[in-house]
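Here is the structure we will look at.
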Amino acid sequence: MLVIPAVDIMDGKCVRLVRGDPSKLKVYYDDPIEAVEKWVMEGAELIHVVDLNAALGKGENTDIIRKIVQTVPVKVQVGGGLRTFEKAMKLLKSGVFRVIFGTNLLLNPEVILKTVKDFGSERVAVALDLKDGKIMFGGWKKSVKTDFLEMARLAEETLHVGMIIFTSVDRDGTLRGPSIQYAKKLLKTVKIPIVASGGISSLSDLVRLSKIGAYGAIVGTALYEGKFSLKEAVEAVKNVS
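Residues in the sequence shown are numbered consecutively from 5, following our numbering.
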């Protein structure tokens, strides 16, 4: 299983939020490139970048993301406020390995379909952000009643995306442990890789996700708060069966 460090960017800085709330913000690095370089040095094969400004509709950090891609020798996937094909195309052509769509899955699925057609499944993921079993969107401010497993099937069978990233919104940034229940349901429903995010706090959380068959786990606060190192995390899931 891949352990994927999260680099969330707001106003040009590397930050963490609790449950996506901008009023509960903590800055960890003034320069996100320092964070990325640290994770690469500790063994990251993939970096998960979120443009929080874009997600919240308050500007964007495209220049910094471009710099990250040019600086590091590993794959970078980017999400947050991705609502048009043009923006996805710019990111993918600038060297971003994978783009992650959220709200568009609900509001504008044809944008996702076009991106998949032009760039291939492997370079497109969708985010399912879940709270109390409901899909959250629009910077986690709105929810819909559509069943998340139905959406996962749509993503795989109709949109042909290469990956689903699900976040337990009510656990994100809390260190309360991931939602194994959501992960199991998704893994039973679709065959494409599932990446879990939100609440991961210990090496045993990672081992549990690996054991049930998750392709990867995105880790943020636990790494920034020094609960374990990325090196330890990579080692912990290396031989899990």
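Beta carbons are placed, not taken as given, at the ideal position from N, Cα and C, and that holds for glycine.
Because the structure is a prediction, the values reported are computed rather than measured.
- Message: Let me check understanding here. Comparing Cα to Cα, which of S27, I37, L6 lies closest to G16?
- Response: Its Cα nearest to that of G16, the residue I37 stands out among S27, I37, L6.
Can you tell me where the alpha helix (DSSP H) with P9 in it begins and where it stops?
That residue, P9, is in no alpha helix (DSSP H); its beta strand (DSSP E) goes 6–14.
Exercise for review: Consult DSSP for Y219 and reduce its assignment to one of helix, strand or coil.
Suggested key: coil
Can you check which of these residues, V173, D12, G124, P113, is closest to A156 by C-alpha distance?
Looking from the CA of A156, the closest CA among V173, D12, G124, P113 belongs to P113.
Report task. Check whether the region 209–221 touches the region 236–245, taking contact to mean three or more Cβ pairs, one atom from each stretch, closer than 8 Å. Result -> yes
query = For G83, which beta-bridge partners are listed by DSSP?
reply = V54, I104
- Task: Could you tell me if S233 is buried or exposed, where buried requires 16 or more neighbouring beta carbons within 10 angstroms of its beta carbon?
- Result: Burial call: exposed.
Below 7 Å CB to CB, which residues in the same chain sit around R70 once its five sequence neighbours on both sides are set aside? Taking C-beta separations shorter than 7 Å and ignoring five residues to either side along the sequence, the partners of R70 in its chain run S98, following chain order.
query: From this set, G106, S206, D151, which residue's C-alpha is nearest A237's C-alpha?
result: For the residues G106, S206, D151, the minimum Cα distance to A237 belongs to S206.
I'd like the span of the alpha helix (DSSP H) that includes K118, first residue to last.
113–123
- Query: In whole angstroms, what separates the C-alpha of K231 from that of V11?
  - Reply: The straight-line gap from Cα to Cα measures roughly 17 Å.
E126 versus G166 - alpha carbon distance: 5 Å
Pull up the DSSP beta-bridge partners for K138, would you.
K135
Could you pull the DSSP bridge partners for D67 from this structure? DSSP, once it has assigned bridges, lists no residue as partnering D67.
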